[in-house]
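Engineer: Below you'll find the structure I mean.
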Amino acid sequence: MTPKFKAQAGTFESSDIMILIEPLEKDSGRKVDISSTVMLQFEKDIKKTIDQVLDKLQIQDLHLIAKDKGALTQTIEARVETAVKRSLGIQEGTM
Amino acid sequence: MKNAIGVEIPEYIEGLGKLEPFQGVWSSIIEDEVPVTNISRTLKAKKPHASKLCKNLEEAIKKCKPFDGMTLTCHHHLRGGDGVLMQTIKILDEMGIKDITLASSSLTSAHDGLVSYLEKGMITRIFTSGIRGALGDAISVGKLKYPAVIHSHGGRVRDFLTGRIKPDLSVLAASAADEEGNATGAHGPSAFGSMGYADIDARYSRNVIIVTDNLVDYPCIPSTIRQHFIDYVVKVDSIGDATKIASGTTRITNSPMDLRIARIAATVIEHSGLFKNGMSFQVGAGGASLAVAKFLREDMKRKEIIGSFMIGGVTSYGVDMLNEGLFHSIFDVQSFDAAVSTSVLNNPNHIEISCDQYANPNNCGSMTNKLDVVVLGALEVDVDFNVNVITGASGEIRGASGGHSDTASGANLTVVVCPAFRGRLPIVKDRVHTVVTPGESVDVIVTERGVCVNPSKPNLAAALKKAGLKVVDIRDLKEEVECMTGVPAEKQLGDKIVALVEYRDGTIIDVIYNVENLS
Numbered sequence: 001m002t003p004k005f006k007a008q009a010g011t012f013e014s015s016d017i018m019i020l021i022e023p024l025e026k027d028s029g030r031k032v033d034i035s036s037t038v039m040l041q042f043e044k045d046i047k048k049t050i051d052q053v054l055d056k057l058q059i060q061d062l063h064l065i066a067k068d069k070g071a072l073t074q075t076i077e078a079r080v081e082t083a084v085k086r087s088l089g090i091q092e093g094t095m
Numbered sequence: 001m002k003n004a005i006g007v008e009i010p011e012y013i014e015g016l017g018k019l020e021p022f023q024g025v026w027s028s029i030i031e032d033e034v035p036v037t038n039i040s041r042t043l044k045a046k047k048p049h050a051s052k053l054c055k056n057l058e059e060a061i062k063k064c065k066p067f068d069g070m071t072l073t074c075h076h077h078l079r080g081g082d083g084v085l086m087q088t089i090k091i092l093d094e095m096g097i098k099d100i101t102l103a104s105s106s107l108t109s110a111h112d113g114l115v116s117y118l119e120k121g122m123i124t125r126i127f128t129s130g131i132r133g134a135l136g137d138a139i140s141v142g143k144l145k146y147p148a149v150i151h152s153h154g155g156r157v158r159d160f161l162t163g164r165i166k167p168d169l170s171v172l173a174a175s176a177a178d179e180e181g182n183a184t185g186a187h188g189p190s191a192f193g194s195m196g197y198a199d200i201d202a203r204y205s206r207n208v209i210i211v212t213d214n215l216v217d218y219p220c221i222p223s224t225i226r227q228h229f230i231d232y233v234v235k236v237d238s239i240g241d242a243t244k245i246a247s248g249t250t251r252i253t254n255s256p257m258d259l260r261i262a263r264i265a266a267t268v269i270e271h272s273g274l275f276k277n278g279m280s281f282q283v284g285a286g287g288a289s290l291a292v293a294k295f296l297r298e299d300m301k302r303k304e305i306i307g308s309f310m311i312g313g314v315t316s317y318g319v320d321m322l323n324e325g326l327f328h329s330i331f332d333v334q335s336f337d338a339a340v341s342t343s344v345l346n347n348p349n350h351i352e353i354s355c356d357q358y359a360n361p362n363n364c365g366s367m368t369n370k371l372d373v374v375v376l377g378a379l380e381v382d383v384d385f386n387v388n389v390i391t392g393a394s395g396e397i398r399g400a401s402g403g404h405s406d407t408a409s410g411a412n413l414t415v416v417v418c419p420a421f422r423g424r425l426p427i428v429k430d431r432v433h434t435v436v437t438p439g440e441s442v443d444v445i446v447t448e449r450g451v452c453v454n455p456s457k458p459n460l461a462a463a464l465k466k467a468g469l470k471v472v473d474i475r476d477l478k479e480e481v482e483c484m485t486g487v488p489a490e491k492q493l494g495d496k497i498v499a500l501v502e503y504r505d506g507t508i509i510d511v512i513y514n515v516e517n518l519s
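Below, the structure is given as structure tokens:
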């Protein structure tokens, strides 16, 4: 699937992660930018978690920006899933 | 050579000399006589009615004949609001003085501006109890010529007395002073409370300048610093901003996590066997530590316990407890908010003490040796109960040793409070990045997920279990937390030593290597 809208989920609070998604043109693939307060310790983990959720939801052609303040894996999964569903227009709720 | 906690300590460091490895908390202290040499202070005479007043700080510094390679000391009672150290450094730099050893009792965000002086080699050595912010980052990446030496508050006094630090010039801020140099921090527009650290500088430095923005008629009463130690007095426009001593007034945290940890810690104290009339107590000013005072206050009222003394960094919260009669007295070496100064001035049971009396390991009257309970914070702890309060998650220098190891070694019960993880970073490690306080002197680590008791205190563990507290093995706690957070990747360390951590007895407990990338 391909995102239809710009969407976001999460906050800038400590222990949370802000996920921003914007659609890209067809066949441009995934572009993922991560910044994190625990980059040094968990960069690989954060990237892997985001990829796994995108794989599971079969999402392509998007630019995802993650601004992490030390969120746990489960939080990252939930925020990415919510942002993706909002960008597809299948999630009820804000934005 | 390896020290008692297994850290490889170099025998010699250029610019700092021979090093002694840490051998254990009390191993270098021999009762009655301590096997170190004490130096005497410089004697200086003055003719009758000679004036000490100088027209500005520059003139006073010139009269002290500054020279390349000198040692400058300052105090940090104004913390984030200090304006005197930077003024002094700027003047010395304009005079072309180089290769300065800076031995400020601590360094705060007010001293970020020192970085450029490190870079150009104007400051080449630093002895201090705390380094933060941009200065910490600069030292961590290796911008200081010789490794910085981090000592404890008590260790600083010992360093002065043994000549490890030989102050040539001390520039001391006072919120009120007279023309002879009698000085206090207890009153005046920039009042900051106790002058407990500065007292040592005044007694042991070759040249002492009192800087004040509030020159009062002779004699300045009460005076912490006395005129017979003072060479020159300067009136300046401002010694700094006393409102920045604490970031806002010292309030109890609203964080549910910190409150939960504090509640558990207070319960630990209540069932430690020390919670009785005459108990003495010290607590830090930050987050969960200060919040312990809130619950202890309630518990003391409920059980009608009256304590003997509170000590250390004093907050207005502590002053309230004194005024309520929960403690007989406060011994104040440093006031953590400007409001405390009124109490220092007016309450005879609020007693200002020097850092020597507070924590010097080599005297026969350290207040820390009289402590029942101390509650301390931590950036990291490890499975051997060692505590790190100096280096952050990226290995950068960003904290303060302060009185951490002094009080831990002296107190009957040392309680360390910290969350089990902070922003995904587990607090319990196999080995902390930097050991400031050795596990040997830590009794209990309190987290929201359970209480870990040092295996050397089985009776305490039994008592806490009996009281219904969740006592867990520290290794189990570490595993539980890592299941949630994941195991953090190892830090990339350089091979250059950028700082030494001195234990309070002057031996080296740990070394800090440079970090290549700061995130």
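Protein chains in written order, with this note's numbering: chain A, 1 to 95; chain B, 1 to 519.
Note that the Cβ used here is the ideal one computed from N, Cα and C, for glycine as well.
Can the beta-carbon of residue 136 of chain B be found closer than 8 Å to that of residue 398 of chain B?
Structural biologist: Working through the second sequence from its first residue, we reach residue 136 of chain B at position 136. Working through the second sequence from its first residue, we reach residue 398 of chain B at position 398. In contact: residue 136 of chain B and residue 398 of chain B (Cβ atoms closer than 8 Å).
Engineer: Can you check which of these residues, B/505, B/491, B/504, is closest to residue 512 of chain B by C-alpha distance?
Structural biologist: Against the second sequence, residue 512 of chain B aligns to sequence position 512. Considering only alpha carbons, the answer is B/491.
Engineer: Using a Cβ cut-off of 9 Å, pull out every chain B residue sitting near residue 69 of chain A, in sequence order please.
Structural biologist: Locating residue 69 of chain A in the first sequence gives position 69, where the first residue counts as 1. Per Cβ cutoff of 9 Å: 423, 424.
Engineer: Since residue 484 of chain B meets chain A, which of its residues come closer than 7 Å, beta carbon to beta carbon?
Structural biologist: Translated into the one-based positions of the second sequence, residue 484 of chain B becomes position 484. By Cβ distance, chain A contributes 72.
Engineer: Can you list, in chain order, the residues of its chain whose CB lies under 8 Å from that of residue 248 of chain B, leaving out five sequence neighbours each side?
Structural biologist: What you label residue 248 of chain B is simply residue 248 of the second sequence in a count that begins at 1. The predicted model places residue 248 of chain B with a pLDDT of 45, which falls under 50 and marks its position as unreliable; any figure quoted below should be read in that light. Here the set comprises nothing.
Engineer: Taking only the alpha-carbon atoms, compute the straight-line gap between residue 84 of chain A and residue 431 of chain B and give it to the nearest angstrom.
Structural biologist: Here residue 84 of chain A refers to the residue found at position 84 when the first sequence is read from its first residue. Here residue 431 of chain B refers to the residue found at position 431 when the second sequence is read from its first residue. One C-alpha to the other measures close to 40 Å.
Engineer: Under three-state DSSP, which class holds residue 472 of chain B?
Structural biologist: As a position in the second sequence, residue 472 of chain B is number 472, starting the count at 1. Residue state, collapsed to three classes: coil.
Engineer: Can you confirm whether the stretch 255 to 269 of chain B touches the stretch 439 to 459 of chain B when touching is taken to mean that 3 or more C-beta pairs between the two stretches lie within less than 8 Å?
Structural biologist: Short answer: they touch.
Engineer: Counting only C-beta atoms, is residue 288 of chain B closer than 8 Å to chain A at any point?
Structural biologist: Residue mapping note: residue 288 of chain B aligns to position 288 of the second sequence, counting from 1. So, not an interface residue.
Engineer: Rounded to whole angstroms, what's the CA-CA distance from residue 221 of chain B to residue 201 of chain B? Just pull it up for me.
Structural biologist: Taking the second sequence and counting its residues from 1, one reaches residue 221 of chain B at position 221. Taking the second sequence and counting its residues from 1, one reaches residue 201 of chain B at position 201. Straight-line Cα distance between these residues: approximately 20 Å.
Engineer: Which residues of chain B have a Cβ atom closer than 7 Å to the Cβ of residue 37 of chain A, listed in chain order?
Structural biologist: To locate residue 37 of chain A, count along the first sequence from 1; it is residue 37. Within 7 Å Cβ-Cβ: 423.
Engineer: Just verifying my parser: in three-state terms, what is the DSSP assignment at residue 376 of chain B?
Structural biologist: Counting from one through the second sequence, the residue named residue 376 of chain B turns up at place 376. DSSP places residue 376 of chain B in strand when its eight states are reduced to three.
Engineer: Please give me, in chain order, every unbroken run of the alpha helix (DSSP H) with length at least 4 that falls completely inside the stretch 295 to 357 of chain B.
Structural biologist: Qualifying alpha helix (DSSP H) stretches, in chain order: 316 to 323, 340 to 346.
Engineer: I'd like to know if residue 248 of chain B contacts chain A, where contact means its C-beta is closer than 8 Å to some C-beta of that chain.
Structural biologist: Here residue 248 of chain B refers to the residue found at position 248 when the second sequence is read from its first residue. Interpretation of residue 248 of chain B is limited by its pLDDT of 45, a score under 50 that renders its predicted location unreliable; no figure is taken from the coordinates.
Engineer: Got a sec, what are the start and stop residues for the beta strand (DSSP E) residue 79 of chain A sits in?
Structural biologist: Sequence index remark: in the first sequence, residue 79 of chain A carries index 79 (1-based). Careful: residue 79 of chain A lies outside any beta strand (DSSP E), inside the alpha helix (DSSP H) at 73 to 88.
Engineer: Keeping to the same chain, check which residues put their C-beta closer than 7 Å to that of residue 226 of chain B; ignore five residues upstream and five downstream.
Structural biologist: For the purposes of this step, residue 226 of chain B is taken as residue 226 along the second sequence, with counting starting at 1. For residue 226 of chain B, where only same-chain residues beyond five positions count, the Cβ hits under 7 Å are 182.
Engineer: Counting Cβ pairs closer than 8 Å, one from the stretch 173 to 191 of chain B and one from the stretch 208 to 224 of chain B, do we hit at least three?
Structural biologist: Taking 8 Å as the limit for Cβ pairs, the verdict is that the stretch 208 to 224 of chain B does touch the stretch 173 to 191 of chain B.
Engineer: Please name the residue or residues paired with residue 35 of chain A in a DSSP beta bridge.
Structural biologist: Along the first sequence, read from residue 1 onward, the residue named residue 35 of chain A stands at position 35. The partner list for residue 35 of chain A (beta bridge, DSSP) reads A/67.
Engineer: Taking a Cβ distance cut-off of 7 Å, strictly less, list which residues of the stretch 474 to 501 of chain B are near chain A, in chain order.
Structural biologist: For the stretch 474 to 501 of chain B, which is checked against every Cβ of chain A, the residues closer than 7 Å are 484, 485, 486, 488, 489, 491.
Engineer: Are the C-beta of residue 238 of chain B and some C-beta of chain A separated by less than 8 Å?
Structural biologist: Taking the second sequence and counting its residues from 1, one reaches residue 238 of chain B at position 238. Cβ-Cβ to chain A under 8 Å: no for residue 238 of chain B.
Engineer: Per DSSP, which residues does residue 18 of chain A bridge with? Please list them.
Structural biologist: Mapped onto the first sequence, residue 18 of chain A falls at position 18. Answer by DSSP bridge pairing, in chain order: A/67.
Engineer: Taking only three categories from DSSP, how would you classify residue 438 of chain B?
Structural biologist: Residue 438 of chain B sits at position 438 when you count from the first residue of the second sequence. It is coil, neither helix nor strand.
Engineer: Could you tell me which residues DSSP pairs with residue 422 of chain B in its beta bridges?
Structural biologist: Locating residue 422 of chain B in the second sequence gives position 422, where the first residue counts as 1. In DSSP, residue 422 of chain B forms a bridge with B/425.
Engineer: Looking at chain A, which residues of the stretch 114 to 142 of chain B have a Cβ within less than 7 Å of any of its Cβ atoms?
Structural biologist: Listed by position along the chain: nothing, the set is empty.
Engineer: If you draw a straight line from the C-alpha of residue 274 of chain B to the C-alpha of residue 373 of chain B, how long is it?
Structural biologist: By one-based count along the second sequence, residue 274 of chain B stands at place 274. By one-based count along the second sequence, residue 373 of chain B stands at place 373. Spanning the two alpha carbons is a distance of roughly 8 Å.
Engineer: Does any residue of chain B bring its CB to less than 8 Å from the CB of residue 14 of chain A?
Structural biologist: Your numbering for residue 14 of chain A matches position 14 in the first sequence. Yes, residue 14 of chain A counts as interfacial toward chain B.
Engineer: Going by the beta-carbon positions, is the gap between residue 77 of chain B and residue 195 of chain B smaller than 8 Å?
Structural biologist: Here residue 77 of chain B refers to the residue found at position 77 when the second sequence is read from its first residue. Here residue 195 of chain B refers to the residue found at position 195 when the second sequence is read from its first residue. Cβ distance < 8 Å, so residue 77 of chain B and residue 195 of chain B count as in contact.
Engineer: Mark residue 367 of chain B as exposed unless 16 or more other C-beta atoms lie within 10 angstroms of its C-beta, in which case mark it buried.
Structural biologist: Position 367 of the second sequence, counted from the start, is the residue given in the question as residue 367 of chain B. Flag for residue 367 of chain B reads buried.
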